[in-house]
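Peer 1: What follows is a single structure, and I will ask about it in a moment.
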Amino acid sequence: MASYLIEPVDRLPFGGPDKARRYATGRYPGAAGLNWYGSDPTLRFLMRRHLGADALEWAEPHLRRAGALMSGPILEHAEETDRNPPRLERYDRWGHEVGRIVMPPSFEAARRDLVAGAFTRPEFVREAKAAGADPVTMGLAWNYLLYQADIGMGCALGTGGDMVVLMAEAFAPQDVKERVREIFADGMFSGEAAQMFTERTGGSDLAALESTATPAGDAWRLNGLKWFASNANGSAFVVLAKPEGGPDGSRGVAPFLVLRERRDGGRNGIRVRRLKDKLGTRSVASAEIEFTDAEAFLLAPGSGDGGAGDGKGLGRMMELTNGARLGIATMGLGCARRALVESLCYARGREAFGAALIDQPLMRRKLAELIVEVEAAQALVFDGFHNRLRLGPALIKLRAARLGVTAASDAIEVHGGNGYIEQWPVARILRDAQVNPVWEGGDNILCLDVRRAVERDQHLPFFDRLAEAVRHAPPGDDPTAQLVSDRIDRLREAVGLWRGLDPVTAEARLFPLAQFMADVYAAALLLEQAGWERRELGTDRKALVARLYARAHLADHGPLRGIDHVAEDLDRFKDLADGALADDRP
């Protein structure tokens, strides 16, 4: 039965029941209420491939519970928090500055549910290992499901937890280590950590920051202003600062641990100046944070001369940041997947010109393209977490973070005017997705990271990975495998040519080089998946996806711009759509 009042406009006799049913709102349920694990055949495919059949049998009940949690309570809480974001209470009733960030009840409810069910909980990790289920794969799947509901909550729970714990264990005084262990007793995904790097001078040129640390026994006094600090309501922060007396440049910058409370239990010198009024990701409190003689601890080997330890603190921390880039890539993938699901659901329900949208050739082209691009990004993200290539995080974030934005924009177009309205889900997806190309380095910064890797010959293992993937392509004389192999050779040639360019031109050409790398990487991984599918399942859907992706990104389209190509995206659209979304509702 309808949950709304039947009004006169609902009874207009213009066309009878067959036409009037087009406007029955129950025909547009969207992604909410689906089990996001059960309705995602591509995720189930990846879980079977990466876990194996025996471990998957243990894992699936946990994955199904996570899929229901994210598409139900977490999604509802996310929408409420977006409407009622965090607020700052600067002063108490006596006029004392307290700088208390008040999180809405919807956020607190979501955090309780997520921390209680996180796949990163120590006891869950132990159970997963005992069952033969790789904890990395399980954690990645959990994050991927969460990010379809709320990437802001993912940031609020997971920003820098591993960085804080690992670096504190390595370098902090013993009593501080014990305090950090207490804070993260429920796991690194507990919402207690934050990274504070960005200053008013910008977030990318870290060597130019102005925050300063002064020795004070085995601790330091830290002063400065961080311009964009996410998860500012946490308890443990990694803060970049220049130790007084240290050298200029990146070797003079070091990471410090700052806790919300001082060793003596008093309030540390941390002042929240204001919360950021952001476009999206409103479930994570982002703020301007001022440090005034804050007690801090150097997260690097001490040198005893007031310098930045061994001068490698920034580099050591940036190695951990590569993991954070893969996390942001997963956020972009989550946004793209949610946009795809909302688009498929809407296109199946909406009718125009006498047929469902999903049956219109132009709409099928759009949806087929979305399906292929999302599955290519899935392949990249899952490979990135299992093959820690030096080049991988930059390339994967470059592709997946941007896809979240373009897929959300496409979803708005599929929904038409409804998509532009905040009561419909895709507007928030676009607002949230827009931050992913910024977090952990924009496209240009990622390209500079590609340059550093190539200049140090760290691209060679990347080419080994490409060759390995193509070796596992479906057997036989596969034209797609031949095309990808040829493009691997062309990519080697492109890298050699790039290395011979003058420095200015070489930097300007980094973006097309990185895009070429990402294109070939994704195509090779899809071929590898297609080979596994053929051997293990006897089906060829992934081969179709690989073929369509390689044709779009690597093939020479000729003078007719591909208009003469075989229309597999239309002829086998049902295979694509059914393999992208299953109707799994309670």
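Heads up: the sequence shown begins at 82 in the numbering used here, then just goes up one per residue.
Backbone N, C-alpha and C define an ideal beta-carbon position, used for all residues, glycine too.
(1) Just to confirm before moving on: does the CB-CB distance between Thr-373 and Arg-344 stay below 8 Å?
(2) Please confirm whether Arg-355 and Asn-349 have their CB atoms less than 8 Å apart.
(3) Would you call the CB atoms of Leu-662 and Leu-425 closer than 8 Å?
(4) Under the three-state reduction of DSSP, which class applies to Tyr-118: helix, strand or coil?
(5) Where do the ends of the beta strand (DSSP E) carrying Glu-680 lie?
(6) State yes or no: is the C-beta of Ala-415 within less than 8 Å of the C-beta of Ile-232?
(7) Exposed or buried, what is Trp-117 when buried is set at 16 or more other beta-carbons lying within 10 Å of its beta-carbon?
(8) With 16 as the cutoff for other CB atoms within 10 Å, does Leu-137 come out buried or exposed?
(9) Please name the residue in Gly-485, Pro-518, Cys-528, Asp-524 whose C-alpha comes closest to that of Val-507.
(10) Does Asp-386 come out as helix, strand or coil in the three-state DSSP assignment?
(11) Nearest CA to the CA of Ala-159: which residue from Gly-235, Ala-417, Pro-216?
(12) To the nearest angstrom, how far is it from the Cα of Glu-450 to the Cα of Ile-569?
(13) For Ala-515 and Gly-361, what's the separation of their Cα atoms in angstroms?
(14) Out of Tyr-602, Leu-547, Phe-252, Arg-532, state which residue places its alpha-carbon closest to the alpha-carbon of Arg-580.
(15) For Glu-325, which three-state DSSP category applies?
(16) Which residue marks the beginning of the alpha helix (DSSP H) containing Gln-563, and which one marks its end?
(17) Just verifying my parser: in three-state terms, what is the DSSP assignment at Ser-292?
(18) Starting from the C-beta of Gly-387, find all residues in its chain whose C-beta is less than 7 Å away, skip the five residues before and the five after it, and write them out in chain order.
(19) Could you give the residue range of the alpha helix (DSSP H) that holds Asn-525?
(20) Below 8 Å on the Cβ atoms is my contact criterion, and I expect Arg-546 with Leu-470 to pass it. Report the Cβ-Cβ distance as a whole number of Å.
(21) Using 8 Å as the threshold, is the region 264-279 in touch with the region 311-318, meaning 3 or more CB pairs across them?
(22) Assuming the contact rule is C-beta atoms closer than 8 Å, Leu-321 and Leu-290 should be a hit. Round their C-beta distance to whole Å, please.
(23) Could you give the first and the last residue of the continuous beta strand (DSSP E) run that contains Leu-641?
(24) Count the other C-beta atoms from every protein chain shown that fall within 10 angstroms of the C-beta of Ala-436, then say buried if there are 16 or more, exposed otherwise.
(25) Determine the closest residue to Ala-550 out of Ala-562, Glu-280, Leu-407, with distance taken between C-alpha atoms.
(26) Are Leu-407 and Ala-475 closer than 8 Å when you measure CB to CB?
(27) Tell me which same chain residues have a C-beta within less than 7 Å of the C-beta of Leu-379, skipping the five on either side of it?
(28) Hey, out of Glu-161, Val-365, Ile-409, Asp-538, whose CA is closest to Leu-479's CA?
(29) Pick out whichever of His-177, Asn-224, Val-206, Asp-583 has its Cα sitting closest to the Cα of Pro-216.
(30) Identify which residue in Glu-649, His-540, His-553, Gly-523 has its Cα closest to the Cα of Ser-285.
(31) Here's the rule: buried if 16 or more other CB atoms are within 10 angstroms of the residue's CB, otherwise exposed. What is Trp-175?
(32) By a C-beta neighbour count over all protein chains shown, 10 Å radius and 16 as the cutoff for buried, is Glu-536 buried or exposed?
(33) Starting from the Cα of Phe-265, find the closest Cα among Gly-242, Val-257, Gln-255 and give me that residue.
(34) Rounded to a whole number of angstroms, what is the C-alpha to C-alpha distance between Ala-417 and His-177?
Peer 2: In short:
(1) Not closer than 8 Å, so no.
(2) No, they are not a contact pair.
(3) Yes, the pair counts as a contact, with Cβ atoms nearer than the cut-off.
(4) Three-state DSSP puts Tyr-118 in coil, outside helix and strand.
(5) Outside the shown range of the chain, which is 82 to 667, sits residue 680, and nothing can be said about it.
(6) Looking at the sequence provided, one finds Gly at residue 415 rather than Ala. Yes, the pair counts as a contact, with Cβ atoms nearer than the cut-off.
(7) Under this definition Trp-117 is a buried residue.
(8) Buried is the call here.
(9) It is Gly-485 whose Cα lies nearest to the Cα of Val-507.
(10) Because the pLDDT of Asp-386 is 48, which lies under 50, any placement of that residue in the model is unreliable, and the question is left without a value.
(11) For Ala-159, the nearest C-alpha among the options comes from Gly-235.
(12) Between the C-alpha atoms of Glu-450 and Ile-569 there is a straight-line separation of about 23 Å.
(13) The question names Ala, yet the displayed sequence has Gln at residue 515. Taking the straight line from one Cα to the other gives about 8 Å.
(14) Per the Cα distances, Arg-532.
(15) Coil, per DSSP.
(16) 560-580 is the span of the alpha helix (DSSP H), which, as asked, contains Gln-563.
(17) Ser-292 falls in the coil class under three-state DSSP.
(18) Because Gly-387 carries a pLDDT of 49, less than 50, the predicted location of this residue cannot be relied on, and no value is offered for it.
(19) Taken as a continuous stretch (DSSP letters only), the alpha helix (DSSP H) holding Asn-525 covers 524-536.
(20) Contact holds; Cβ gap of about 6 Å.
(21) Yes, since at least three Cβ pairs between the region 264-279 and the region 311-318 fall closer than 8 Å, the two stretches touch.
(22) Confirmed, about 6 Å.
(23) Where Leu-641 is concerned, there is no enclosing beta strand (DSSP E), because DSSP gives it neither an H nor an E.
(24) Here Ala-436 is exposed: its Cβ has fewer than 16 other Cβ atoms, across all protein chains shown, within 10 Å.
(25) It is Ala-562.
(26) Result no, Cβ atoms of Leu-407 and Ala-475 do not sit closer than 8 Å.
(27) Phe-252, Trp-301, Ala-335, Phe-337, Gly-390.
(28) Nearest in C-alpha terms to Leu-479, of all of Glu-161, Val-365, Ile-409, Asp-538, is Ile-409.
(29) With distances taken between Cα atoms, Pro-216 lies closest to Val-206.
(30) Ranked by how close their Cα comes to the Cα of Ser-285, the residues Glu-649, His-540, His-553, Gly-523 have Gly-523 in first place.
(31) The Cβ neighbour count for Trp-175, taken over all protein chains shown within 10 Å, is under 16; the residue is labelled exposed.
(32) Exposed is the call here.
(33) Ranking the options by Cα distance to Phe-265, first place goes to Gly-242.
(34) Computed Cα separation, rounded: 45 Å.
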